[in-house]
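Below is one structure; the comments refer to it alone.
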Amino acid sequence: MTDILQVDNLSLSFGGIRALNDVSFTASKGEITAIIGPNGAGKTSLFNSISGFYKPDSGRVVFEGADISRVAAHRRAEIGLARTFQNVALFRGMTVLDNIKLGGHGRLKSNALSAMWYLGSARREEMQLRSEIERDVIDFLEIDHIRNQPISGLAYGLQKRVELARALAMQPKILMLDEPVAGMNREETEDMARFILDIQEERGITVLLIEHDMGMVMDISSKVVVLNFGEVIGSGTPHDVRANPEVIRAYLGGGHDKVVPTLTEEAAT
Amino acid sequence: LHQGLGDYCEWRNTKGGIAGRKIKYIGEDSGYKMDQAMSVFKKIMGAHKPPVFYGDSTAWAKASAKEVSQMGSVLTCSPSFSSDLADPKNVPYYFMAGPTYAAMCEILLQYIARTSKGANKPAVAFVYSDTEFGRDPISAAKATAQKLGIPVVMEIVTKPGAVDVSSEVAKLRRAKPDFVIFHGYVLAPIPEFIKQMREAGMNTTPMGTIWSMDKTTVDAMGAAAEGWMGVLPYRYSYDTKDAPTMQIIKDYTAKARPQMQYVPTFYTNGWLVGMIFSEVIERCLKANKALTGPNMKAALESINDWDTGGLTGLLVSLKGHQIGSGRIYAYDAKSKLMEPASGWIKTA
Amino acid sequence: MSEARTAGPAALAVENIEVVYHHTVQVLRGLSLTVPTGQIVALLGSNGAGKTTTLKAISGLLPMEVGAIRGGQIHYQGERINDVAPHLLARRGIGHVREGRHVFEDLTVDENLIAAGSALIGRNIKPEPELIYEYFPRLKERRSQVAGYLSGGEQQMLAIGRALLGKPSLMLLDEPSLGLAPLVVEQIFEIIARINREQGVSMLLVEQNAMAAFGIAQYGYIMESGKVVIDGPTDKLVKDPDVQRFYLGYGEKSDALASFRDVKHYKRRKRWLS
Amino acid sequence: MRIRDFHQSYAHDEAIWQTPTSRLWLAALFIALLLFPFTANGYIVGLACVLGIHVIGAAGLNIMTGYTGLISLGHAAFMGVGCYTAAWLGQRGLPFYLTIPLGGLVAALLGLVVGIPSLRIKGLYLAVATLAMQFILVFVFREWESVTGGVRGVNVPNAELFGIELNNDFRMYYVIAFFAVLLLVGARNLFRTRIGRAFIAIRDKDISAEVLGINLFRYKLLAFAIGSFYAGVAGALLGYFYRAMTPEYFTLTLSIFYLAAVIVGGLGTMLGTILGAVFMTLVPELLRAVVSFIAQWAPRAVEVLSPMQEIVFGLLIVGFLVFEPHGLVEIWRRVRRFFHLWPFRA
Amino acid sequence: MNAPFDWIALAEFALIGVFSGGLLALIALGFVLIYKGTGVINFAMGEFMMLGAYFFYTSHVMWKLPMWLSLALTLAAVAAVAALIERAILRPLAGQPVISILMATIGLASALHGVVDAVWGGNNYEMPPLLPRKAFTFGEILIPGQVVWSFILAALIITAFTLYFRYSRTGIAMRAAASDPMTAYVLGIDVRRTQRLTWMFAGVVGAVAGIVVGSMTSLSPALGGAALGVLAVIILGGLDSIAGAIVAGLIIGVIESLTAGYLGGKVRDIVPYVTVLLILLVKPYGLFGTRQIERL
Ligand SMILES: Nc1ncnc2c1ncn2[C@@H]1O[C@H](COP(=O)(O)OP(=O)(O)OP(=O)(O)O)[C@@H](O)[C@H]1O
Ligand SMILES: Nc1ncnc2c1ncn2[C@@H]1O[C@H](COP(=O)(O)OP(=O)(O)OP(=O)(O)O)[C@@H](O)[C@H]1O
Ligand SMILES: [Mg+2]
Ligand SMILES: [Mg+2]
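Residue numbers (our numbering), protein chains in the order written: chain W, 107 to 375; chain B, 3 to 350; chain L, 39 to 312; chain P, 4 to 349; chain S, 9 to 304.
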């Protein structure tokens with residue numbers, strides 16, 4: 107088990123707010139690592155720092171052994187860091203297919219001139235991208251029926267799936283998912299969880315997962331990192347974390363799952 | 003504008019047209035936009051092929067100049083008195099019915115030089131708008147001033163509709179000119195300048211050029227009109243003595259445009275242009291020459307000591323494609339009219 | 039449904055409404071539900087079932103999104119409110135806490151509450167921000183802070199507090215637990231239950247977190263594709279095997295929570311109906 | 004009526020002109036474009052020339068504003084840059100087929116410079132920044148007399164091809180049509196590729212586009228450069244068409260004209276660009292025709308034309324936005340849908 | 009000007025700039041109100057000014073009504089026009105992209121300009137002085153009276169609006185409605201009313217500015233152009249900041265006055281824009297504009 111991603115002492119503040127304070131953790135290749143913590147703990151900020159959208163005040167991000175702290179955000183996407191967003195960030199002016207194709211942007215090479223005349227190379231690589239996406243992404247995520255639809259009007263759950271498709275089209279090494287099942291019911295959560303597991307198990311892609319659905323987090327991740335007020339207050343296997351009193355006090359509260367305990371017992375009887 | 007020219011054509015037609023031929027007048031509005039003026043020009047040229055064309059502005063006149071000389075079939079004119087356009091060599095088929103702006107400034111400066119007695123010539127300042135119209139005469143005017151020994155103590159450029167002129171007046175106050183020549187405006191911001199100069203206790207005479215001299219403009223100045231003077235190449239319409247043409251205009255407008263109380267400068271200009279166009283065409287027709295550019299140019303340049311019937315004070319020569327004369331008028335508080343303050347002055 | 043009805047007009051009665059967006063997209067297809075006075079009623083359903091749309095239809099927001107009620111009736115305290123403008127409904131005591139919190143980001147917490155005081159116009163009631171701060175002491179600490187910088191949980195508290203300031207007799211809560219940490223979810227649900235208890239406010243609660251919702255609601259509706267498919271008192275609903283499987287996440291044998299790892303591919307994409 | 008298409012290959016699915024019918028129409032259109040000047044009088048041909056130029060200019064603005072979301076109120080100034088460049092080079096003897104692209108290129112270079120702040124300045128702030136650029140450039144046009152001829156304007160030499168002087172509208176028509184078709188096809192293709200997608204992504208939400216691997220800096224600059232290139236070419240053509248130019252042509256009014264054309268036509272569609280440019284060019288002409296028609300009975304009508312034009316221009320824009328916010332292209336689509344289904348559904 | 013450096017002239021130019029900046033700030037306030045309310049720059053602001061000036065001229069000079077009555081009538085009339093515009097144009101456009109609404113205001117500007125031109129003609133009219141014109145002198149320094157008084161008037165109006173938006177419930181509700189109309193609705197805020205009010209306020213502010221400007225220059229359809237020059241001010245201050253409008257108004261006023269004084273009128277109109285461009289490079293939301301929170 108090698109560490110594909112290593113975050114060293116990241117700190118980040120906005121004005122007076124310290125969003126991240128000396129955060130360090132590692133993610134093992136091919137595993138699912140979950141990041142949990144109360145609202146405003148800095149989880150999304152951590153993703154933003156890893157993907158290069160925020161520039162941390164100090165600390166390093168090491169990817170496959172190389173320090174990428176100074177690498178521009180779009181370059182990080184090209185070298186294999188893909189993500190989805192907490193608030194669905196699909197491009198509403200494009201169809202589902204074009205949104206997904208956008209994920210392949212970094213791998214294409216055509217320049218403005220060849221693009222304007224749609225000449226040989228530009229045309230060929232577009233076609234290649236199209237068949238790649240059809241095979242590896244659209245079929246896999248079962249979204250072939252909405253391929254040519256515009257984004258607006260798609261049900262929320264499908265939008266989340268298209269976002270995932272776009273990230274997959276980037277052929278990432280690390281996939282960062284920011285609350286992929288927020289606002290989904292149990293059944294839809296199960297679907298999404300299955301996709302995530304397939305991505306990890308069948309494709310060997312490393313997954314970083316932010317989620318408040320403890321049922322899912324504790325179930326599918328192999329490692330959990332807990333943030334609170336920008337600091338890591340615990341990490342380890344789901345089992346360890348669930349028992350960590352500080353984590354319970356700061357985050358989990360009385361019920362360990364998103365379940366009101368009295369009911370669980372009653373229902374089970 | 004086109005009223006004057008159009009009315010002239012109609013009037014002329016009632017008098018039998020030019021050498022028996024009727025004049026067809028085609029008017030189109032361009033909204034003072036250069037591209038529209040050009041497209042109207044092209045459209046009219048294409049559709050009607052007239053021998054003469056009256057455009058709307060300096061910008062049009064310049065933009066079309068090249069096309070016009072290439073076509074060589076049309077004589078053009080516009081209300082622009084831009085100095086560049088009175089240039090038989092480079093702009094062969096264009097003339098203006100008045101002095102160039104530079105000539106107007108020259109007339110003003112001559113007047114200033116004349117009125118001053120002692121050895122110290124009065125100081126002059128120029129205030130002009132940052133437009134082609136405004137900038138046009140300034141360098142020539144400065145040269146003239148130097149020749150006449152008049153010191154130019156300040157030069158101020160503003161945008162055409164300047165709102166706030168306090169800083170400019172503050173500058174003028176320090177320069178202490180005896181005369182300020184405004185050019186490149188119609189009205190605003192001239193009145194505000196005058197008011198503020200007065201409030202600042204300055205004893206300066208404000209002067210203007212043709213388009214700021216119309217009676218309606220001066221009326222709109224209100225209290226600021228007091229002491230206003232400037233140059234006009236024509237007579238005012240209330241000045242019909244020695245001006246049979248002005249009488250004709252008044253008689254004609256009284257019939258055709260009963261609501262028109264007063265004949266504005268624009269109108270006079272249009273009428274005069276019509277007279278010149280007709281004269282040129284008539285001369286060509288009489289000499290049995292086709293209405294080509296060169297022929298019309300020759301006819302135009304042959305006009306010398308021509309009587310406009312008093313619209314202009316002196317006999318007119320169009321050799322330089324302009325009419326180089328004008329008169330200084332000053333506002334008379336009693337009659338509330340612009341009254342002559344000098345005789346007719348001819349440019350050098 | 040009749041079993042849920044108590045004496046007197048219900049706080050809210052929705053009968054057979056049909057809702058269409060942009061004149062074409064039909065979202066609700068004959069939905070009916072009732073909120074008895076003083077009770078909490080939960081409304082559950084998968085994504086896109088039309089829960090938010092139902093709440094918008096009640097609080098009069100549909101026209102703002104080019105939506106319209108095509109058929110059916112909505113009665114609030116016995117009066118028909120199909121075509122009443124949203125601000126008038128708010129002034130008549132319907133408090134809508136919108137999905138996604140929607141605090142006024144540039145306004146301070148205090149100003150957010152002052153703005154919400156508009157719901158009291160014409161009702162001769164004084165706004166009581168102190169009552170809100172009593173329910174949500176956290177907000178009091180931040181009362182002069184700009185709301186955009188509050189944490190997600192605090193924003194949700196502010197959103198509920200704002201609606202409460204308008205002294206509603208019916209509150210519509212749209213996924214109050216969305217994106218909130220488990221601990222905060224617990225707190226929020228406690229407060230919601232308390233408000234219901236102490237202020238006697240009737241509530242229609244839309245939730246994905248079925249466990250939590252059933253914990254405080256007396257009655258529940260489950261909707262799919264724009265209509266109600268199952269409803270009943272919550273203590274009965276939690277025993278329904280389908281509800282257990284699809285909303286509470288029980289395994290095949292209905293005896294314990296299933297693991298996600300057991301979910302098989304073939305299980306994807308199936309629904310109650312159709 | 005047309006029934007659903009089936010595609011045998013992805014390439015076919017991605018083609019612009021998918022059906023034989025649409026290809027037939029295209030060919031017909033092309034021939035019509037070629038033959039058009041023979042059938043029309045000089046005035047109409049001149050109008051067509053102006054129209055072609057406006058289509059190019061509007062296409063540039065649509066790439067920038069409609070597709071990439073960078074609102075520009077300074078488009079006219081870039082046309083000016085193209086025009087003056089072409090004039091200056093033309094006076095030094097360069098042939099028009101070089102000066103026109105070079106005019107576009109210089110405008111594009113300047114567009115790059117102006118585009119640099121667009122990485123940080125967004126939305127209406129950017130709009131006003133481009134407005135500032137508009138004023139500053141016009142100021143330069145007026146003051147840099149040695150190149151631009153100042154307020155007096157500049158003469159553009161006649162274009163010449165194989166010894167034929169392109170000194171009338173008839174001949175210029177083909178030059179303009181050539182560039183218009185070329186640049187429109189280019190723009191249309193652009194949006195089938197990664198570059199076009201990147202532009203749209205930037206418009207929709209630039210920061211997430213960046214995290215998805217789009218170099219914001221490069222693509223915003225590229226959008227500015229391409230948009231300005233189109234403007235520059237349009238400006239250069241304008242110079243050759245009028246043969247003389249003054250700074251007064253390239254003022255804010257023209258920038259607004261283009262913005263209006265793009266919005267009335269339909270933001271972010273090339274067909275909309277064409278429809279919008281045609282509409283905005285023809286309406287004033289039509290209005291003028293109507294007024295001169297009325298003027299036969301009421302000669303005063305000519306005097307109210309100028310305010311009438313302003314009112315009609317304004318009301319048209321407002322009316323369009325209120326009643327058809329997606330522009331002419333939406334109307335066009337509705338009409339087409341109607342005929343596709345006809346006669347089975349009204 | 010070759011004499012030793014004239015410090016008094018400098019002081020005079022600077023002071024004139026500060027005071028004329030007040031008027032700029034007032035016009036800018038009209039822009040800021042609309043921006044806060046609708047999220048768009050109202051390019052028809054200049055036309056509101058024009059309408060104000062022309063209405064006032066008509067009632068005061070042509071109908072010879074007393075000053076106060078004319079003023080009241082004018083403000084009411086412009087407010088009514090603004091309300092009508094809001095109802096007929098802005099409300100149907102709610103939810104459309106910013107650029108569409110921006111364009112609508114441009115179209116509106118054109119139409120209003122045309123209407124004014126058609127009704128009152130392109131001629132110049134002389135307006136009676138509204139503010140006392142007696143110049144203020146401080147030793148060598150002389151500042152035209154109406155400049156000082158317009159500054160005072162602007163300061164009063166701006167202060168009133170600031171207090172209103174900060175402390176009154178309606179003011180706060182207007183801010184709330186501007187930032188999220190749907191939510192404002194369900195909280196009992198009559199969003200349509202607040203939007204109408206916003207436009208009416210902007211109309212009134214514009215009308216006052218127009219009357220003042222009109223009384224300082226003559227009245228002509230060119231008057232509306234003054235508003236375009238103020239764009240530099242609102243961008244410099246930050247589109248949504250009233251305080252920014254004031255500070256930037258004064259800064260631009262001084263810059264304009266100094267450039268007019270030392271560099272001449274040609275550059276006077278360019279310098280503010282150059283300044284603004286430079287400042288935007290450093291502060292992309294102007295001096296006080298709210299930084300849009302960009303989150304992923
Ligand atoms: N762009 C920003 N500007 C200012 N403050 C920010 C910004 N982004 C995040 N913050 C602040 O940083 C802190 C951490 O925010 P972050 O979004 O990372 O939390 P989170 O853990 O993702 O919370 P949640 O579970 O609610 O999504 C918060 O206090 C937030 O207000
Ligand atoms: N403004 C709108 N215009 C068009 N369609 C809409 C609009 N709002 C919602 N819809 C559609 O209506 C359907 C129901 O949406 P709604 O938001 O009511 O669902 P929901 O049950 O609240 O789902 P969620 O769990 O995601 O909140 C969805 O398919 C959605 O795409
Ligand atoms: Mg987050
Ligand atoms: Mg919902």
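Using N, Cα and C, we set each Cβ at its ideal position, and we do this for glycine too.
When you measure from the CB of glutamine 192 of chain W to every non-hydrogen atom of ligand 1, does any distance come out below 7 Å? yes
Which chain P residues sit within Cβ distance under 7 Å of alanine 179 of chain W? Glu213, Val214
Whose Cβ in chain S lies nearer than 8 Å to the Cβ of tyrosine 128 of chain P? One finds Ile243, Leu247, Leu288, Pro292, Tyr293, Gly294, Gly297 in chain S with Cβ atoms closer than 8 Å to the Cβ of tyrosine 128 of chain P, taken in chain order.
Return the CA-CA distance between glutamate 41 of chain L and lysine 89 of chain L, expressed in angstroms with no decimal places. At glutamate 41 of chain L the pLDDT is 43, less than 50, meaning the model places this residue with poor confidence; the figure from the coordinates comes in the next sentence. Cα to Cα, the separation comes out at about 22 Å.
Closer than 8 Å to chain L by CB, isoleucine 42 of chain S: no
To be precise: take each residue of the stretch 309–325 of chain P, compare its Cβ to all Cβ atoms of chain S, and keep it if any distance is under 9 Å. Which residues remain? Ser309, Pro310, Met311, Gln312, Glu313, Ile314, Val315, Phe316, Gly317, Leu318, Leu319, Ile320, Val321, Gly322, Phe323, Leu324, Val325
What residues in its chain sit with their C-beta under 6 Å from that of alanine 105 of chain B, if we drop five residues either side in the sequence? Gly326, Thr349
Where the beta strand (DSSP E) containing proline 342 of chain B begins and where it ends: 339–348
Could you compute how far the alpha carbon of alanine 162 of chain P sits from the alpha carbon of glycine 156 of chain P? Put simply, the backbone Cα of alanine 162 of chain P is about 18 Å away from that of glycine 156 of chain P.
Check: glutamate 294 of chain W C-beta below 7 Å from any heavy atom of ligand 4: no
Write down the C-beta distance between isoleucine 217 of chain P and histidine 211 of chain W rounded to the nearest angstrom, noting that I regard them as a contact closer than 8 Å. 6 Å
Does the Cβ of glycine 146 of chain W lie closer than 7 Å to at least one heavy atom of ligand 6? The ligand content of the structure shown is limited to ligand 1, ligand 2, ligand 3 and ligand 4, which means ligand 6 is not among them.
Would you call lysine 91 of chain B buried or exposed, if buried means 16 or more other Cβ atoms sit within 10 Å of its Cβ? exposed
Over what stretch of residues does the beta strand (DSSP E) that includes lysine 265 of chain L continue unbroken? Per DSSP, the unbroken beta strand (DSSP E) holding lysine 265 of chain L starts and ends at 265–271.
Check whether the Cβ of histidine 60 of chain L lies closer than 8 Å to any Cβ atom in chain S. no
Hey, how far is the Cα of glutamate 227 of chain P from the Cα of phenylalanine 220 of chain P? Note on identity: in this sequence residue 227 of chain P is phenylalanine, with glutamate being the wrong assignment. Approximately 11 Å, taken between the alpha carbons.
Measuring CA to CA, which of B:Ala256, B:Val188, B:Ala145, B:Glu170 is closest to glycine 272 of chain S? B:Glu170
What residue from P:Gly317, P:Ala247, P:Leu257 has the CA that sits closest to threonine 60 of chain B's CA? P:Ala247
Option nearest leucine 83 of chain S by Cα separation, candidates S:Leu73, S:Gly60, S:Leu92, S:Pro292: S:Gly60
Histidine 185 of chain B in three-state terms, based on DSSP: strand
So proline 81 of chain B packs on lysine 299 of chain B, CB below 8 Å; how close in whole Å? 20 Å between Cβ atoms; not a contact.
Could you check whether the stretch 211–221 of chain L touches the stretch 46–55 of chain L, counting it as contact only if at least three pairs of C-beta atoms, one from each stretch, sit closer than 8 Å? no
Cβ of histidine 60 of chain L within 7 Å of any heavy atom in ligand 2? yes
Straight-line gap, arginine 200 of chain L to leucine 195 of chain S (C-alpha atoms, nearest Å): 8 Å
Does proline 74 of chain L come out as helix, strand or coil in the three-state DSSP assignment? coil
Within 10 Å of its beta-carbon, does leucine 289 of chain P have 16 or more other beta-carbons around it, so buried, or fewer, so exposed? That one is exposed.
Counting only the same chain and skipping the five closest in sequence on each side, list residues whose C-beta sits under 7 Å from that of glutamine 300 of chain S. none
According to the neighbour-count rule (16 or more other Cβ atoms, all chains shown, within 10 Å of its Cβ), is phenylalanine 33 of chain P buried or exposed? exposed
Sorry if obvious, but does the Cβ on lysine 149 of chain W come closer than 7 Å to a heavy atom of ligand 3? Checking the Cβ of lysine 149 of chain W against ligand 3 gives yes.
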